[in-house]
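Undergrad: Got a structure for you, questions after.
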Amino acid sequence: MKTAIRLAGFLRPYLLMVLGSLALVIVVSGLGIAQPLVIRWTIDTVLMGKRYNLLPLAAGAVIAIAVVRGLLTFGQRYSMEYIGQKAVFDIRNRLYFHMQQLSFSFYDKAQTGQLMSRLVSDVNTVQRFLGMGLINITSNAFTLLAVLVILLRLDWRLTIVSMSVIPFLLHAVFTFSKKVRPLFWSVQDQMAILTTDLQESLTGIKVVKAFAREDYELQKFDRENKEYMDRNLKSVRMTAFYGPYMNFLSGIAATLILWYGGREVIGKALTLGSLVAFNSYLLQLMHPIRMLGMLVGLVQRGISSGDRIFDILDTKADVADRPGARELPPVKGEVVLDNVWFSYDKKTPVLEGVTLRAPAGSTIAILGATGSGKSTVIHLIPRFYDVDEGRVLIDGRDIRDVTLDSLRRQIGIVTQETFLFSASIKDNIAYGRPEATDQEIVAAARAAHIHDFIASLPQGYNTVIGERGVGLSGGQKQRVAIARALLMDARIVLLDESTSNVDVETEMQIQKAFSDLLRDRTSFIIAQRLSTVRTADKIIVLDKGKAAEEGTHDELLNLGGVYAQIYEMQFRSQEGVEGEHALQGEHARAAAQPGNGPGEQVREHAHARREGGEPQ
């Protein structure tokens with residue numbers, strides 16, 4: 051009941067429409083109840099009383115009731131469906147909005163397929179409950195009470211005889227209700243599992259094909275799909291049993307009426323018209339009781355889906371604006387981690403008393419082994435997670451005292467796993483600043499060294515890229531992400547640098563884009579390249595969640611500690627390669643100077659062709 055009441059609460063904005071629709075339901079049910087009385091009058095007065103002149107009136111009354119009832123039924127069904135659709139529109143919006151507000155910790159555990167199932171399948175089930183479910187419940191409840199009163203007035207003894215099967219019907223209904231709810235819950239759960247498997251296999255289709263695992267994925271999907279079918283069939287078997295059982299009990303009731311009522315008619319204690327009307331009313335009475343099985347199933351499905359929806363809506367965000375949180379004014383960019391402790395599971399510390407200070411405009415390189423806490427530091431600054439102890443300060447302000455929106459608007463982020471939306475390149479670059487002008491977008495793309503590539507596309511910046519950036523290379527996607535961060539014009543930049551999977555030319559372009567991105571900004575870089583480490587103002591070496599060393603490249607090498615070991619294992623081999631890259635870069639810059647290199651020669655030839663002659 052608690053879940054049903056909460057779901058009904060979504061109808062509150064449409065209360066007047068709901069009341070109007072329920073009034074139509076009652077009128078339609080009342081017309082249905084009036085019809086047997088007209089039939090009774092026709093038999094007893096017109097036919098048995100041989101007043102045949104009234105027969106057209108009786109036929110007209112039956113037709114009029116049918117026509118009016120049909121028109122009103124259309125109105126009540128459409129109005130309730132309209133209300134149900136509006137309510138579900140609100141539920142889906144609220145659910146999606148709440149999902150957007152939930153913290154990273156929620157998505158660390160949640161499965162995308164499960165969330166999609168609740169947002170689509172469960173919400174649709176609730177729509178059926180709030181639409182046709184409420185109509186049938188109201189109609190059947192009114193019909194049940196009204197018909198019972200009329201039956202008692204027609205013949206209370208016959209009513210008692212016919213009601214003898216009601217306890218068995220009610221027992222069947224409540225037994226069905228008790229058994230069917232967990233079944234419907236399990237069906238919805240399995241649907242979520244099936245959706246999750248489908249989402250994962252389609253998202254990772256390249257991996258599936260690369261490792262020739264199509265048969266495995268087919269077998270896995272077939273197994274989960276069969277489980278979904280089996281659970282559905284189990285619920286169908288239960289419905290298929292209890293439906294005929296209720297029909298059987300209704301048949302017994304009709305038999306009792308014919309047996310006892312027929313004797314009453316023979317003994318002239320009951321008119322034939324009353325017996326026919328009584329039988330019609332009994333069918334109307336049995337229909338709501340038999341419908342209880344279907345309605346219970348509909349309600350149970352709606353409540354089960356409602357429980358799953360409220361399971362998300364009741365989840366509180368771990369990271370949210372504090373009461374009285376203020377807007378963060380434009381920052382200079384000083385970042386301080388003050389004795390920060392953090393754990394993802396509240397048991398195993400990932401960071402233990404880390405303290406560091408990044409002056410405005412400085413570049414901080416973060417190094418450490420896998421699991422040392424590098425990414426955690428990056429995630430704490432935009433407050434993706436809250437520290438367990440200590441503080442994160444920006445320009446001296448605790449980031450928990452400012453609004454999340456104003457904080458994150460002033461931080462640019464380029465992650466190692468670049469995510470692009472299935473939209474135009476222009477929309478992807480402007481994602482953080484949708485109000486940006488075309489000139490600003492182009493300027494950001496030029497600074498990220500991706501403009502020439504975009505301009506070469508048939509539709510330029512309006513070119514729509516595939517899901518997650520399909521169609522672009524790794525380096526191109528990363529430079530689009532850099533352009534997105536540049537357009538934010540943020541004073542603080544967080545960069546998970548990853549250029550090891552691109553070719554030399556692309557790496558040089560990305561490094562140049564990085565240089566433009568970081569100029570005059572406070573930046574934190576999870577360093578993977580020697581060039582980044584050498585140019586950093588400060589290097590922080592994390593070891594098992596602690597800041598083991600801090601200093602410049604030369605200072606830490608002279609120290610001969612953890613950084614020196616990392617340098618020997620990871621960076622020493624890059625020295626020769628990066629020196630060669632630097633030399634290539636010098637040659638390229640020299641060739642680009644007027645009068646030098648092949649670039650100028652190409653320009654001369656192009657000019658000569660336009661002029662109709664040969665270059666000098």
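So in the numbering used here, spot 588 of the sequence shown is number 638, and the numbers just go up one at a time.
Glycine residues also receive a C-beta, built at the ideal position from the N, C-alpha and C atoms.
Model, not experiment: these values are computed from the prediction.
So for I463, helix, strand or coil by DSSP?
TA: strand
Undergrad: Please return the same chain residues whose Cβ sits closer than 8 Å to the Cβ of A108, not counting the five positions on each side in sequence.
TA: V88, W91, T92 and V96
Undergrad: Out of L69, K594, L66 and G59, which has the shortest C-alpha to C-alpha gap to S393?
TA: Of the candidates L69, K594, L66 and G59, K594 places its Cα closest to the Cα of S393.
Undergrad: Closer than 7 Å to a non-hydrogen atom of the ligand GTP - does that hold for the CB of Y102?
TA: Within the structure as shown, the ligand GTP is missing, as the structure has no ligands at all.
Undergrad: Can you tell me whether R263 is helix, strand or coil according to DSSP?
TA: The three-state secondary structure of R263, taken from DSSP, is coil.
Undergrad: Taking Cβ to Cβ, would you say V170 is nearer than 8 Å to G356?
TA: no
Undergrad: For D445, name the three-state secondary structure that DSSP assigns.
TA: Under the three-state reduction of DSSP output, D445 falls in the coil class, being neither helix nor strand.
Undergrad: My assumption, with CB atoms under 8 Å, is that A577 sits in contact with I416. Please give the rounded CB distance.
TA: 7 Å
Undergrad: Taking the DSSP output, what are the residues bridged to S573?
TA: Paired residue(s): T413 and V543.
Undergrad: Could you check the C-alpha separation between G692 and Y64 for me, to the nearest Å?
TA: Residue 692 cannot be examined here, being either before or after the span of the chain that is shown, 51 to 666.
Undergrad: Using 8 Å as the Cβ pair cut-off and three pairs as the minimum, do the segment 249-269 and the segment 180-194 touch?
TA: no
Undergrad: For V464 versus D546, is the C-beta spacing smaller than 8 Å?
TA: Between V464 and D546, the CB-CB gap stays under 8 Å.
Undergrad: Just to check my reading of the structure: T193 and I55 have Cβ atoms closer than 8 Å, yes? What is that Cβ distance to the nearest angstrom?
TA: With 8 Å as the limit, T193 and I55 do not qualify as a contact, their Cβ atoms being about 24 Å apart.
Undergrad: Does the beta-carbon of D172 have 16 or more other beta-carbons within 10 angstroms, so that it is buried, or is it exposed?
TA: buried
Undergrad: In or out: G183 buried (at least 16 other Cβ within 10 Å) or exposed?
TA: buried
Undergrad: By the three-class DSSP mapping on this structure, what secondary structure does D604 have?
TA: In the structure shown, D604 sits in a helix (DSSP, three-state: H, G or I).
Undergrad: Tell me, please, which residues DSSP counts as bridged to F392.
TA: L401
Undergrad: Does the distance from the CB of M51 to the CB of S129 come in under 8 Å?
TA: no
Undergrad: So the alpha helix (DSSP H) L195 belongs to, where does it begin and stop?
TA: L184 to L204
Undergrad: For D570, which residues of its own chain have a beta-carbon under 8 Å away from its beta-carbon, when the five flanking residues on both sides are left out?
TA: G411
Undergrad: Using the C-alpha atoms, what's the distance from P86 back to V77?
TA: 15 Å
Undergrad: First and last residue of the alpha helix (DSSP H) that includes V75?
TA: Counting along the chain, the alpha helix (DSSP H) containing V75 begins and ends at L65 to W91.
Undergrad: Quick check: the Cα distance between G59 and N329, rounded to an integer number of angstroms?
TA: 39 Å
Undergrad: Tell me which residues share the same chain as A222 and place their Cβ nearer than 8 Å to its Cβ, disregarding the 5 neighbours each side in the sequence.
TA: Y292, Y295, M296, L299 and G343
Undergrad: Could you have a look at S523 and say whether DSSP puts it in helix, strand or coil?
TA: Note: S523 maps to coil in three-state DSSP.
Undergrad: Count the other C-beta atoms from every protein chain shown that fall within 10 angstroms of the C-beta of Y266, then say buried if there are 16 or more, exposed otherwise.
TA: exposed
Undergrad: So what does E599 bridge to, in DSSP terms?
TA: V591
Undergrad: When you compare only the Cα positions, how much space is there between D239 and Y132?
TA: 28 Å
Undergrad: Taking the alpha carbon of R407 as the reference point, which residue from P217, V442, D280 and T468 has its own alpha carbon closest?
TA: V442
Undergrad: Is it buried or exposed for G446, if we count other Cβ within 10 angstroms and need 16 for buried?
TA: exposed
Undergrad: Taking the CB atoms as reference points, tell me whether L470 and I515 lie closer together than 8 Å.
TA: Yes, these two residues count as a Cβ contact at 8 Å.
Undergrad: Grouping DSSP H, G and I as helix and E and B as strand, with all else coil, what is A54?
TA: In the three-state scheme derived from DSSP, where H, G and I count as helix and E and B as strand, A54 is classed as helix.
Undergrad: Going along the chain, which residues of its own chain have a beta-carbon closer than 6 Å to the beta-carbon of A480, five neighbours each way excluded?
TA: A486 and I491
Undergrad: If you draw a straight line from the C-alpha of G70 to the C-alpha of S79, how long is it?
TA: 14 Å
Undergrad: Considering only residues of the segment 417-441, which uninterrupted alpha helix (DSSP H) runs meet the minimum length of 4 residues and lie entirely inside it, listed in chain order?
TA: 424-430
Undergrad: For A304, name the three-state secondary structure that DSSP assigns.
TA: helix
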